[in-house]
Amino acid sequence: MIKLTEKIVQEVIQVRPRQSHKGTFGKILIVAGNQNLGGAAIMNAQAAIYGGAGLVTVATDPVNKTALHARLPEAMVVDYHQDLSDLIAGVDVVLIGSGLGNELTILKQALKELTDKHKVILDGSALTMMAQENLPLPKGQIILTPHQMEWQRFGQVAIADQAKEDNNWESLVAMNPEPILVLKSDQTQVYLENELYQLTVGGPYQATGGMGDTLAGVIAAFVAQFQDTNRAVLAAVYSHSAIAERLADTAYVTLPTEIAKALPAFMKEMADQTPTL
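Here the sequence shown stands for residues 1 to 277, where the numbers follow full-length UniProt numbering.
Laid out in structure tokens, this is it:
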């Protein structure tokens with residue numbers, strides 16, 4: 001077990017090169033938010049945008065379009081009932097599942113368009129539907145972001161057995177391609193190939209709806225920008241909870257949207273501490 005500390009963030013987040021453009025920092029497609037759970041798509045997108053992604057498009061139920069444009073004019077919004085093949089082909093990172101509910105047709109369409117070039121975050125409802133329908137992992141570099149109940153369904157590891165690391169490894173190794181696992185709990189763990197990391201920050205002030213949606217968006221932003229996907233995931237997981245811990249100094253509950261808003265300043269602070277090579 002390796003303790004996850006601020007050092008990983010300082011190493012991953014770099015000062016931006018002067019000669020750059022939107023495409024330099026990654027293109028993300030978020031497939032999320034049914035008619036009742038549009039907030040999940042908004043929190044995904046807010047975290048991805050505030051986390052520094054160059055271009056963010058949200059494919060969601062059309063009922064969410066006005067709210068998304070009002071909250072995040074930086075995001076592009078499309079109806080997720082349309083053909084997503086061209087959109088998926090044109091992005092680097094695809095985040096699927098937050099607040100998607102039972103939209104199985106949309107999930108299947110998105111999964112079949114993924115290729116080995118994509119970095120893919122599977123979250124929330126995507127994991128539940130994939131478990132129910134026994135769907136295989138899609139192509140791409142896969143990052144799973146379940147909470148413990150979702151991992152019980154998808155990874156088939158009972159919550160009581162998830163504390164035993166070997167059970168989680170066994171489930172991951174049986175999957176093809178073997179994914180990165182961010183197992184969310186009061187002591188979030190990140191499984192990377194042969195390494196297991198334990199989060200050292202965060203607390204009960206994060207126990208509120210939307211926390212995982214924001215984390216998924218931060219992960220999407222970081223893997224879109226920073227080349228080493230494994231280290232980018234670690235830095236995203238740490239940053240999310242480190243910001244929450246700071247906010248908890250003056251707040252009883254740290255709201256997910258407030259974590260997202262604090263990302264640009266936090267990332268600037270970390271970039272300024274990046275070791276000189």
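For each residue, glycine too, the CB sits at the ideal point set by N, CA and C.
Buried or exposed by the 16-neighbour rule on C-beta atoms within 10 Å, applied to residue i
i, result
"residue 184", "buried"
"residue 254", "buried"
"residue 23", "exposed"
"residue 121", "buried"
"residue 202", "buried"
"residue 208", "exposed"
"residue 90", "exposed"
"residue 31", "buried"
"residue 92", "buried"
"residue 85", "exposed"
"residue 123", "buried"
"residue 163", "exposed"
"residue 277", "Low confidence applies here, because residue 277 scores a pLDDT of 48, under 50, leaving its location unreliable and the question unanswered by this model."
"residue 115", "exposed"
"residue 2", "exposed"
"residue 146", "buried"
"residue 126", "buried"
"residue 20", "exposed"
"residue 188", "buried"
Beta-carbon contacts of residue i that lie in its chain and below 8 Å, excluding the five residues immediately before and after
i, result
"residue 149", "159"
"residue 251", "205 and 258"
"residue 233", "143, 180, 182, 190, 192, 219, 222 and 223"
Nonlocal neighbours in the same chain, by C-beta distance under 6 Å from residue i, ignoring five residues either side
i, result
"residue 137", "175"
"residue 260", "46, 47, 50 and 214"
"residue 118", "94 and 140"
"residue 256", "43, 210, 211 and 214"
"residue 103", "34"
"residue 87", "29"
"residue 218", "47, 51, 236 and 240"
"residue 230", "192"
"residue 221", "48, 51, 52 and 53"
"residue 74", "49"
"residue 55", "22 and 27"
"residue 267", "13"
For residue j and residue i, the rounded distance between their alpha carbons
i, j, result
"residue 204", "residue 225", "30 Å"
"residue 128", "residue 12", "31 Å"
"residue 26", "residue 239", "19 Å"
"residue 244", "residue 143", "22 Å"
"residue 79", "residue 63", "9 Å"
"residue 107", "residue 37", "15 Å"
"residue 4", "residue 16", "24 Å"
"residue 242", "residue 223", "18 Å"
"residue 112", "residue 101", "19 Å"
"residue 227", "residue 247", "29 Å"
"residue 41", "residue 216", "10 Å"
Close-in-space but distant-in-sequence residues of the same chain around residue i (CB under 7 Å, 5 per side omitted)
i, result
"residue 77", "58, 60, 65, 68 and 69"
"residue 157", "151, 167, 168 and 171"
"residue 109", "84"
Residue i - partner residues in DSSP beta bridges
i, result
"residue 195", "192"
"residue 122", "96 and 144"
"residue 27", "55"
"residue 350", "Residue 350 lies beyond the range of the chain shown here (1 to 277); nothing can be said about it."
"residue 297", "Beyond the ends of the chain as shown, which are 1 and 277, falls residue 297; an answer cannot be given."
Within-9 Å CB hit, residue i to chain D
i, result
"residue 162", "The structure shown contains no chain D, having only a single protein chain."
| task | Could you name each continuous alpha helix (DSSP H) segment of 4 residues or more that falls completely within the region 53-81, going from the start of the chain to the end? | result | 65-71
| Runs of beta strand (DSSP E) wholly within the region 139-189 (minimum 3 residues, chain order) | 141-145 and 180-183
| task | Output the residue ranges of the alpha helix (DSSP H) runs that lie fully inside the region 188-266 and measure 4 residues or longer, sorted by chain position. | result | 211-225 and 229-247
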